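What follows is a short report on a single structure.
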Amino acid sequence: MTDLTTLTLAQALDGMEKKQFSSAEITNAFLGAIEKANPHLNAYVVVTAEKARAQAAQSDKRRAAGQAGPLEGAPLGIKDLFCTEGVRTTACSNILGEFKPTYESTVSANLFRDGAVMLGKLNMDEFAMGSSNETSAFGNVVNPWRRGNEDTKLTPGGSSGGSAASVAADLCLGATATDTGGSIRQPAAFTGTVGIKPTYGRCSRWGIVAFASSLDQAGPIAKTVEDSAMLLQSMAGHDPRDSTSLPNALPDFRAACQRSIKGMTIGVPEEYRVDGMPQEIEDLWRQGIAWAKDAGATIKPISLKHTKYALPAYYIVAPAEASSNLARYDGMRYGARVTGKDLVGSYEQTRAKGFGAEVQRRILIGTYVLSAGYYDAYYLRAQKVRQRIAQDFRDAFAEVDAILTPATPSSAFGLGEKSGDPVAMYLNDIFTVTANLAGLPALALPAATDSQGLPLGLQVIGKALDEESVFAVSAALEKAAGFKAKAAKWWV
Ligand code: GLN
């Protein structure tokens, strides 16, 4: 019998529908795989085996009764940024201690409503701040991919490193993730998986631990473009509990994957050809352009003039919002507390011990750029830059239907290689932050391997609310690329 963990989501749902196997069986297969792999990869920080088995049993009953939902019986992993009722949720920070939410995030609730099974909570950078998963209070995740025959440990990217690694290593059929500056797309690119950040407001932020509220957006990491469309269909939708949640009806994302891209115009922004970009990334991009042309699209050079200001603007706006959002962790109402000599002392001790170094750096930067006297020079200025970036995209989308870029400036790097240099680390987000600043949907898909055998990703950016074009172009590129490589399972 085939190893059930290697199926795509679409194949697994099909297999259950045809009664080839049950949710209980595939759930057990994943729990077994996690048991073997997790000591090596550290992708899960909590494994909810009992809950998963109970949900799977319920799911099998529903299917037998003819009440199968769109994701009926599908075992998924949930990033530890999503509050899960009764299951420890820490955003991989010590400051949340053993926090067990009394409620379920809208996104995870939507998945369960549609029949999904939860395998556990996935590792991530602390409060989603990072690009390598090295800021997690539970230790880094290890990328299942390796350079050739070397055993150097590589990062799966971040902040959704656990989500990406678990999908790449067949430790779930798909995973939830979040993207504030690239945290879905960069890890997807580093692990040969597909990740989409939808239009800002498509997925409810209710019950997701907040990092930078005007940029945070949930989305899936999956094995294929079609799987990512199916997961997003369930995750997204209007939620009155999030004031920025969009009321717009959801199109059929899976159907959009079948659309022809003949006659579409795809923009290629010259500003994304950055200095020092490896030749392999350049070649990948050129190849992507050729594939789109072959599929009948017209390619058009475009200019996104303010691109070079995106990263600096992001590293003002995101820390500013983070410093405000993280003010609530005072050790009084929930999470861990370190008792000081008085109330202020307790606040200080709790925050000094509870937050890791990167989170403290962000809070300091954020507090500084929001302080009297500096607000206009930094925060307000960054907001203006943000408007310019959004306008660049609006101008471009008057002429093109989608934009094609590389997803990241490099393939996965070694653990520890960049952790001493925050600026080098921040450069990972150079191609991804623009879509967050402008609120646009963007998808990363695996397209090739580099000379070391590591996956490289392309990015497709769409107009606001036009995920359908993003899926259509991505599915066409996926088909042309025929990317079939998998990480060798060196841990079994
Ligand atoms: N790497 C970026 C950061 O550290 C983006 C993180 C994210 O998207 N959550 O802020």
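In the working numbering, the protein residues as written are 1 to 492.
We put the beta carbon where it would ideally sit given N, CA and C, even for glycine.
Nothing here was measured: the structure is a model prediction, and the numbers come from that model.
Exposure of residue i, with buried meaning 16 or more beta-carbon neighbours within 10 Å
| i | result |
| --- | --- |
| Glu270 | exposed |
| Leu9 | buried |
| Tyr374 | exposed |
| Gln258 | exposed |
| Ser514 | Past the boundaries of the shown model lies residue 514; the chain is included only from 1 to 492, so the question cannot be answered. |
| Pro455 | buried |
| Val117 | buried |
| Glu282 | exposed |
| Glu35 | exposed |
| Asp421 | exposed |
| Thr339 | exposed |
| Lys468 | In the sequence under discussion, the amino acid at residue 468 is Glu, which differs from the Lys named in the question. With 16 or more other Cβ atoms within 10 Å, it is buried. |
| Glu98 | exposed |
| Asn149 | exposed |
| Leu343 | exposed |
| Thr102 | exposed |
| Ser108 | buried |
| Glu226 | buried |
| Trp285 | buried |
| Asn490 | Checking the sequence shown, residue 490 turns out to be Trp, not Asn. Burial call: exposed. |
| Thr5 | buried |
The alpha helix (DSSP H) enclosing residue i, as first and last residue numbers
| i | result |
| --- | --- |
| Ala29 | 23-41 |
| Tyr368 | 357-370 |
| Gln258 | Unbroken run through Gln258: none, as it is neither H nor E. |
| Thr350 | 343-354 |
| Gln279 | 279-294 |
| Leu13 | 9-17 |
| Thr6 | Careful: Thr6 lies outside any alpha helix (DSSP H) and carries neither H nor E. |
| Asn325 | 310-325 |
| Gln67 | Note, Gln67: premise wrong, no alpha helix (DSSP H); not H, not E. |
| Met235 | 225-235 |
| Pro247 | Pro247 -> no alpha helix (DSSP H), and no H or E assigned at all. |
| Phe112 | 106-113 |
| Ser163 | 161-168 |
| Pro187 | 185-191 |
Beta strand (DSSP E) segment containing residue i, residue limits
| i | result |
| --- | --- |
| Ala218 | 217-222 |
| Lys79 | 75-79 |
| Val194 | 194-197 |
| Ile403 | 402-406 |
| Leu443 | 442-449 |
| Pro156 | Element bounds for Pro156: n/a, residue is neither H nor E. |
| Ala382 | Not the beta strand (DSSP E): Ala382 falls in the alpha helix (DSSP H), residues 381-397. |
| Thr135 | From DSSP, Thr135 is part of no beta strand (DSSP E); its letter is neither H nor E. |
| Thr178 | 174-179 |
Own chain partners of residue i with C-beta closer than 8 Å, once the 5 adjacent residues on each side are dropped
| i | result |
| --- | --- |
| Val274 | Pro409, Ile430 |
| Ala503 | For the chain, the structure presents residues 1 to 492; residue 503 sits outside this window and is missing. |
| Arg333 | none |
| Val400 | Thr265, Ile266, Gly267, Lys300, Ile302 |
6 Å Cβ shell around residue i - same chain, five flanking residues per side excluded
| i | result |
| --- | --- |
| Asn325 | Ala210 |
| Lys121 | Val45, Val46, Ile78, Asp80 |
| Lys463 | Phe397 |
| Val369 | Ile316, Ala320, Tyr378, Tyr379 |
| Thr350 | Gly331, Arg337, Val338 |
| Leu71 | Asp114, Gly115, Ala116, Ser234 |
| Gln452 | Arg147, Gly148 |
| Asn428 | Ser131, Gln186 |
For residue i: DSSP bridge partner residues
| i | result |
| --- | --- |
| Val46 | Lys121 |
| Val268 | Pro301 |
| Pro455 | Thr449 |
| Gly414 | Leu154 |
| Val423 | Bridge partners of Val423: none, in fact. |
| Ile461 | Ile403, Ala442 |
| Thr84 | Val87 |
| Ala476 | Answer is none; Ala476 lacks a bridge partner. |
| Ile95 | DSSP, once it has assigned bridges, lists no residue as partnering Ile95. |
| Ile208 | Phe82 |
Same chain, Cβ closer than 7 Å to residue i, neighbours up to 5 away in sequence not counted
| i | result |
| --- | --- |
| Glu104 | Cys83, Thr84, Glu85, Gly207 |
| Leu465 | Thr199, Asn248 |
| Gln55 | Val117, Met118 |
| Arg141 | Residue identity check: residue 141 is Val in the sequence provided, not Arg. Around Val141: Leu41, Asn42, Ala43, Asn123, Asn133, Pro156, Gly161, Gly162, Ala165. |
| Phe75 | The sequence given here has Pro at residue 75, not Phe. Within the same chain, Pro75 has close Cβ partners Ile26, Thr27, Phe30, Ala52, Val117, Leu119, Cys172, Leu173. |
Would you say the segment 475-489 touches the segment 286-299, given that touching needs at least three Cβ pairs under 8 Å? yes
Inter-stretch contact (C-beta, 8 Å, three-pair minimum) for the segment 77-95 and the segment 194-212: yes
Three or more C-beta pairs below 8 Å linking the segment 155-162 and the segment 129-141: yes
Is the segment 187-194 touching the segment 215-229 in the sense that three or more CB pairs, one from each, lie closer than 8 Å? yes
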